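Numbered by our numbering, the letters in the sequence shown go through residues 14 to 129 in order.
Virtual Cβ for every residue (Gly too), placed ideally from N, Cα, C.
Here the structure is a predicted model, which means the values were calculated and not measured.
For reference, the structure discussed in these notes is given below.
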Amino acid sequence: MALVSIDGDDLVVVIEGLDKLWAFKSSLTIPLDHVRGATADPGIAADPKGIRAPGAHVPGVITAGTFHLDGEKVFWDVKDPSKAVVLELADERYARLVVQVDDPRATVALVENALR
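Here's what the structure looks like:
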């Protein structure tokens, strides 16, 4: 699971627990100027992931780490797709961050309010 917060002009995503090990990341900091939006998207777990490098993917259990698909890098940290949030980015290493959060609606509202 991930904790998403706003720190000044940055979006901060902190990976919790053993997910740090599977995702090969403990946190990501993205300037808000590079965040295009956020959506709660439980259906994204069924989408193709691409090539894993590095990370972990056990269908129905966990998708974590960096995945390469159609020339883009996508960061994943999802065990429970019903709690997945997609953060769309521009001019960053990753095109998207797909993370599991405790409250998807609250996370989307937090990001959208920070972008206004």
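| Item | Value |
| --- | --- |
| Buried or exposed, going by whether 16 or more other CB atoms sit within 10 Å of the CB of THR42? | exposed |
| Output needed for VAL74: all residues of its chain with C-beta closer than 6 Å, excluding positions within five of it in sequence on either side, in chain order. | none |
| Under 6 Å Cβ to Cβ from ILE19, same chain only, skipping five residues before and after it: list those, please. | ALA127 |
| If you scan the segment 76-106 from start to end, which runs of the beta strand (DSSP E) of 3 or more residues do you find wholly inside it? | 85-91, 97-102 |
| For the beta strand (DSSP E) holding LEU45, just list the boundary residues, first then last. | That residue, LEU45, is in no beta strand (DSSP E); it is neither H nor E in DSSP. |
| I need the straight-line Cα distance from VAL91 to VAL112, nearest angstrom please. | 5 Å |
| On the DSSP bridge list, what partners appear for ARG109? | VAL87, GLU101 |
| With DSSP as the reference, identify every bridge partner of PRO17, one or two as the case may be. | One point to set straight first is that residue 17 is Val, not Pro, in the sequence displayed. Partner(s): VAL26. |
| Just confirm the distance between the C-beta atoms of ALA36 and GLY78, as a whole number of angstroms; I'd bet it's less than 8 Å. | 5 Å |
| Roughly how many angstroms separate the alpha carbons of SER95 and ASP54, rounded to a whole number? | 8 Å |
| Count the other CB atoms within 10 Å of the CB of ALA66; is the residue buried (16 or more) or exposed (fewer)? | exposed |
| What are the partner residues of ILE64, as DSSP defines its beta bridges? | HIS81 |
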